[in-house]
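Asks: Submitted below is the structure of interest, expressed as C-alpha cells.
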Amino acid sequence: MKPSSIAPRVQLFVCTNVRAAEDPLKSACGAHGLPVFNALRAEASRLGVSGAVWITRSGCLGHCPRDGCSVVVYPRGGQWTDVRTDDTEALLREAITSNTTPRR
Ligand code: FES
128 MKPSSIAPRV
138 QLFVCTNVRA
148 AEDPLKSACG
158 AHGLPVFNAL
168 RAEASRLGVS
178 GAVWITRSGC
188 LGHCPRDGCS
198 VVVYPRGGQW
208 TDVRTDDTEA
218 LLREAITSNT
228 TPRR
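The working numbering numbers the first residue of the sequence shown as 128 and each following residue consecutively.
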C-alpha cells in the first residue's frame, strides 16, 4: 500500500443506489441519483473545476431519502439529502466554498 500522488480538493459522493420496489426504505436515490450525478459533473465542467472536484457515484450513504438523493461532500461540506437536479449548482458552489483552505 502507498499513498496516492493525486487527490481532489473536494470529492462529492452521490448515491445512485437502486432499491427494489418492495424495499421498506422507499429510497428515491435510484430515480434521482444518476440525474444529480450527471448534473454535478456538467456543472463542474462548466465551472472548469473538474480536476479539483471529483464527483463519484456511490452506494447507499445511509440517509435513504424518499425525495431526491443523498450527497456527501469530503473533506468538509456535510451530508445532504433530498437533493434534486435543480439543487446541483448551489450544492457544488457550497462544496467548493466550504472546502477552500485559506492560503498563508
Ligand atoms: S439508498 Fe441512497 S442513501 Fe440509502
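C-beta: ideal position from N, C-alpha, C; glycine also. Model, not experiment: these values are computed from the prediction.
Any contact of the segment 201-208 with the segment 162-171, i.e. 3+ C-beta pairs under 8 Å?
Replies: Cβ pair count under 8 Å is below three, so no.
Asks: If we count Cβ pairs, one from each stretch, closer than 8 Å, do we get three or more for the segment 185-201 versus the segment 137-153?
Replies: Yes, they touch.
Asks: How far does the beta strand (DSSP E) with Arg184 in it extend, from its first residue to its last?
Replies: It spans 180-185 - the beta strand (DSSP E) in which Arg184 sits, taken as one unbroken run.
Asks: Please go through the same chain and pick out, in chain order, the residues whose beta-carbon is closer than 6 Å to the beta-carbon of Thr208, but skip the five residues on each side of it.
Replies: Excluding residues within five positions, the ones whose Cβ falls inside 6 Å are His190, Pro192, Ser197.
Asks: Between Leu236 and the rest of its own chain, which residues show a CB-CB distance below 7 Å, the 5 nearest in sequence each way excluded?
Replies: Nothing can be reported for residue 236, as the shown portion of the chain is limited to 128 through 231.
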